[in-house]
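Some notes on the structure that comes next.
Chains as they are written, first to last, in this note's numbering: chain A, 517 to 920; chain B, 517 to 920; chain C, 517 to 920; chain D, 517 to 920.
Right, dumping it as structure tokens:
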């Protein structure tokens, strides 16, 4: 049992930490002011490309990819502290080309894409030249139960025809978004987990239409955004189906595991930053003649946040280690555990930090309100807390005689 | 001990309920679409004036005012269930001319204003022709400790001169906002509670400047909004000081008590509506072959919400009854109790309802996201939870020997 | 809406409060020392009979009984504040002859007993000369679902024959316990709610055997106690069946409603006493140079306890008022609400008071450890929290379309 | 980063697990029946000596001691999973000679005792022939602030004279208890952390008197027990002072760190056992036609317990690793974190398991009620939660500018 990071991970930690501290955090305000000051909120402020170029130049690029040809070749547990550092700022993941959903889409193409798909779509994605979206969740069915999915991807000779309506397609609003990965029902008579296909769809394919952009607790998360997208008789050549028809669930399972833990890692960083801001406020602001830290239960709140964050980080690291050593199947319970526990914990820590800031915490004068929106959304995205708790309970009870 | 409402209150309950159900709720979506579809989000959609006219015509107008000359002459406990009904929709309070901060400002002018102030400002306010704001909180000091207040209202001969910066001036963005009530330091050498004055300031007075509008967790709450407002050498005749110099805290105390309980009443209605939406969703939406109501802990969450709301309502009603029978002084502890407890409870209930709705709960497709923003803000507005808990503890411990 | 107690209730409140303060609390320690110092812990210390005589003499006797012939003729809402006062000491309810399960048994006999049963058993019970037990819960089936009940009360000519095993028969250990009310299955083919009978069983009937006394979190609650009792071919004349065969559930429903609310009322008093002790400790004990009240989150804990108690009291009073005005049926949801909420709240408040006392709170130097055991047990007795939450949810959802 | 146990630890884990499963758990009931069936509850049932002999024979003895001469030579992180396994039964720690407070006293004597003290007291202690107690906490001062300590250990020529009153002296009731370690004030004028001494006191020294045994939430924890002990002019030779006068705090700090983490390790095992019992009950018991696991929020409660336990275990292991690699000083924050978090978590998990068991959970038919008492007590023993939260907050805030 050794809780020390590997020397390679340690070295990356220092470099990413330094980059976040010196390049990203000091310019976060500038970026947001630029974004909000633009006539078009759905354009990318030039500062982002500047930061991306700098990160790439320093070799801090695509760190999420365990594949050494395309990425840094880091294990999940090695990437975890780096993703945590990126999570400290809502703008940092893109700077390092490590933002969802592009990371998950890259993994899908890397593992399941054809050579042509990798060349045409994966490479520009990993270069940060294009962005992408993932179209899975649907407005009319409970997405917590993915077998409900109603959109279709039907074979018609050498073509596949897509129909249906998706929402919460994150990233679809980005001006560089060039393709989406769409999931739909191909063969309703196949085995429950072999019915669906994933299809790579260029966004300019006829029949693809962004119906509207959805706010998350008041935020549109520009320039990424979350879209409701309709697919009407969208026709693509059959080889747009990633890995072939009926492999949708198999690919999704492989995609969602890392996706979920990446979210949790970043959330830890978000909570750390929130706690830092809370501590700074608690020591700098006075009321009733004392710093806030010395009023009421504030110290206990800070201590409880520290404990909750440290426990959650260990939990995420342990899950990452399981992914590295036992694979996605060996980590399935741990993944559901962290996905059920971490966003809810971070929501609470951020909420505490908001409270410590008074009105400033509600506004956009700190990153806290954005963090609250993000943490809250992640209690639903990639499976609501309750579904993950159900998985954990099912695994726990499996060892006992169960009558139902 | 009799928990039944008076016949008069009961009759108003039925009328307000019917109005909300038949006039307001069915047109809430239309109002919001109009608001968001306008080129200028800070304009009032005509539907609002239509609804106001209808409510006024039916005698459902200014119900908050206990004064029979200007309002309905209802006691606080009689008004409570009406305010609850209005709280079911974020747009309803204005429809009945019962929205903050105009209600509080009306009470200030009614009780403390000169005849001229009442005629010039109170009457159009009560007719719903003009709107107003309240400028108390400041960005640079902890507003939880009001004695920190740094803005000044200095006498200069027959004039009073205002300087300082306020924020969270709710309502300042409304196109009909004509005046603000400003609070500032007049005499630093007076007794701690006699130092400040309240001044009635027409918004077009030279030196008054809206610096920016502040979002609350992503929402700007148009067309009301929350402003940061600077006052630079704003000169007004001395009789703009309400009730004379040094009476600011006295007036504020009288204003804040009813203001706080009105917020709590409306919050109860918000929680009821959230619970209704959650129950509807829990019975209509299915996953894993069952309605959500029959999955995981959802029924327990619904039951706990019901219990929490019922307890909170009784708490608010009891506090209202204390205000009616024992006055603001006799209700000071109860007021802090409900202010500390109700917004936090409602935040939890709404958060549960959001979760039950999945992604739809995060978006603006239901009123829940707006409710979450509002409930969260009310854990800070009019005193953060922690300050009210401090008041409750102080009163509780007063009977015991305390060394500190 | 009027939260004031009736003059009659107010007068009783003052008298009971004075009696508890001057007669009971000052002698609580003496009673407990006597009880624990006895060779036989299952004997009644003489002090109890002395206090009972005094209470009876002052007319503070059987206050729980709404029937004017036998009791004080108080409504449920009038009795509530009196039961709360009695709840301040674990020994007080018996002093006023208002302790469970004798109160519930008295109501059963009053409403459903024959003239002979009333004379022979009810009168000595109401005089405090005998005690009784209630034998409903069984060890081998989930008592949360009463239709599981396996014990039998089978008719055999002019006799009824009882067989089965009961546990948590509270009061069975008392030296004066003379009879139990037993519930068993009579006709398995009858309608689900008409299958069971209640039978009055003298404890010395052959075949009745106390197998053992059960501790509750380490406490045996002497001299009352909680027994596991076997019934083996216990034969009684048929008229021992209260109100006739098959009426068991009907009687139980009438018995359990008041029983549950009486528990909740007393729990409020227990929480008040715990909070008093916590406040006293918080002001008298110092650490790190300050009274505990000024350390960490202690003030917030005190404030939250005050709020929770006040909300719960109002909730209980409202439920009592519903019982008075709408009857048991009209109060069924409210009863489940308070039963699900109040014991859990009191457990938390007492736990907080224990923590404030350090080691002393764990020991029997304060009444807190006993309170903790009692409050914890009441989250299970008379229906576990979860069953009551289920009732509340079912009622809440009934208005909506439900598919399951 | 490697979460795998060392091969040596893994081998011990398997052996201890097998011993607990095959020797201890199957005989737990037999032990408790023997203990409670004895005329004298303060005698050791012979089964205990039988189990101790077996454990010692198998080399599963004194595993807590990192010192290879006396113990197994395991690091703290290696011992952690073993202590967890022992924590599954309240009787197991003694079986392995790894029970508090003997473990802590052994460490004190090993590190600070004279050769003579080690020979005369440490060796029989490590052989399990004698037991001991630790006399630190006092009834009249807040023990959370150890500098309050009022008992004295005054030098008088070649003797040291002890006076004062201690309580919560765990183990003092054991028939084999031969000595206590007493802490008292020696030099009030010395530096705050150099004023106190620790003295080894044979229990038969004149002037030592057990005043009474204290219950913990109704449990006396026989045959160990918790005593209130008076010391009246207890005279001992000066060399009874461990490590010499004034070293009390230094020794205490070294003693308490491992003591606290051992408690936390065992608590994790207690929680695991409680969760197992809850799962077994949830699958075997039915109500309303379903296993409890499928009712209400029970699955979510099980899932949350699993998550809480796994997070806490990782937290404890990380703290153990810090103790091994960074020493007591490097682990001070982590130690306070786990001590503040783990007992409270375990109290909740056990409380959930009690609830799942209904009345059986309250009684002694399962180990749960005893677990609840133990977990609750450990929120106070070795420093109340609040003091540890204060330490965590202080360390957290140290990096920020603090005005108070």
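Where a beta carbon is used, it is the ideal one built from N, C-alpha and C, also for glycine.
Going by beta-carbon coordinates alone, are residue i and residue j separated by less than 8 angstroms?
i, j, result
"residue 683(A)", "residue 744(A)", "yes"
"residue 790(B)", "residue 724(B)", "no"
"residue 718(A)", "residue 623(A)", "no"
"residue 729(D)", "residue 712(D)", "no"
"residue 578(C)", "residue 621(C)", "no"
"residue 811(D)", "residue 874(C)", "no"
"residue 548(D)", "residue 733(C)", "no"
"residue 557(C)", "residue 739(C)", "yes"
"residue 536(A)", "residue 840(A)", "no"
"residue 815(B)", "residue 909(C)", "yes"
So residue i contacts chain C; which residues on that side make the cut at Cβ distance below 8 angstroms?
i, result
"residue 547(D)", "Near residue 547(D) there are no residues of chain C at all, since even the closest Cβ is about 17 angstroms away, more than 8 angstroms."
"residue 912(B)", "791, 795, 818, 819, 822"
Might you give, ordered along the chain, the residues of its own chain that have their beta carbon closer than 8 angstroms to the beta carbon of residue i, omitting 5 neighbours on each side?
i, result
"residue 706(D)", "762"
"residue 534(A)", "none"
"residue 675(D)", "751, 752, 753, 754"
Closer than 6 angstroms by C-beta to residue i: which residues in its own chain qualify, once you throw out the five before and the five after it? Chain order, please.
i, result
"residue 920(A)", "Legend: pLDDT at residue 920(A) = 48, less than 50; position of this residue unreliable, value from coordinates given subsequently. Excluding positions up to five away in sequence, the list is empty."
"residue 609(B)", "602, 615"
"residue 863(B)", "891, 892"
"residue 528(D)", "598"
"residue 635(B)", "none"
What does a CB cutoff of less than 7 angstroms around residue i pick up in its chain, not counting 5 residues either side in sequence?
i, result
"residue 617(B)", "648, 649, 650, 686, 687"
"residue 780(B)", "832, 854, 855, 858"
"residue 596(D)", "781, 832, 833, 836"
"residue 653(A)", "659, 682, 683, 684"
"residue 876(D)", "882"
Since residue i meets chain A, which of its residues come closer than 7 angstroms, beta carbon to beta carbon?
i, result
"residue 653(B)", "875"
Against residue i, what residues of chain B qualify as contacts under a CB-to-CB distance less than 7 angstroms, listed in chain order?
i, result
"residue 826(C)", "831, 853"
"residue 577(C)", "Those within 7 angstroms of residue 577(C) in chain B number zero; the least Cβ separation is about 23 angstroms."
Can you name the residues of chain C whose CB is closer than 9 angstroms to the CB of residue i?
i, result
"residue 488(D)", "Here chain D has residues from 517 to 920 only, and residue 488(D) is not among them."
Report the CB separation of residue i from residue j in whole angstroms; it is logged as a contact under 8 angstroms.
i, j, result
"residue 830(C)", "residue 830(B)", "4 angstroms"
"residue 819(D)", "residue 869(D)", "At roughly 14 angstroms, the Cβ-Cβ gap does not stay under 8 angstroms, so residue 819(D) and residue 869(D) are not in contact."
"residue 600(C)", "residue 524(C)", "Not really, about 16 angstroms apart at Cβ, beyond 8 angstroms."
"residue 708(B)", "residue 663(B)", "6 angstroms"
"residue 661(C)", "residue 695(D)", "Actually they are not in contact, since the Cβ atoms of residue 661(C) and residue 695(D) sit about 55 angstroms apart, beyond 8 angstroms."
By the criterion of Cβ-Cβ separation under 8 angstroms, what are the contact partners of residue i in chain B?
i, result
"residue 683(A)", "875"
If the cut-off is 9 angstroms on Cβ atoms, which residues from the region 798-821 of chain D count as contacting chain C, listed in chain order?
Result list: 801, 802, 803, 804, 805, 808, 811, 812, 813, 814.
Any C-beta of chain C within less than 9 angstroms: which residues of the region 692-722 of chain D qualify?
none
Residues of the region 875-889 of chain C in Cβ contact with chain D at a cutoff of 9 angstroms, in chain order, please.
875, 876, 877, 878, 879, 880, 881, 885, 886, 888, 889
By the 7 angstroms beta-carbon criterion, what residues does the region 721-739 of chain A contribute toward chain B?
730, 731, 732, 733, 734, 735
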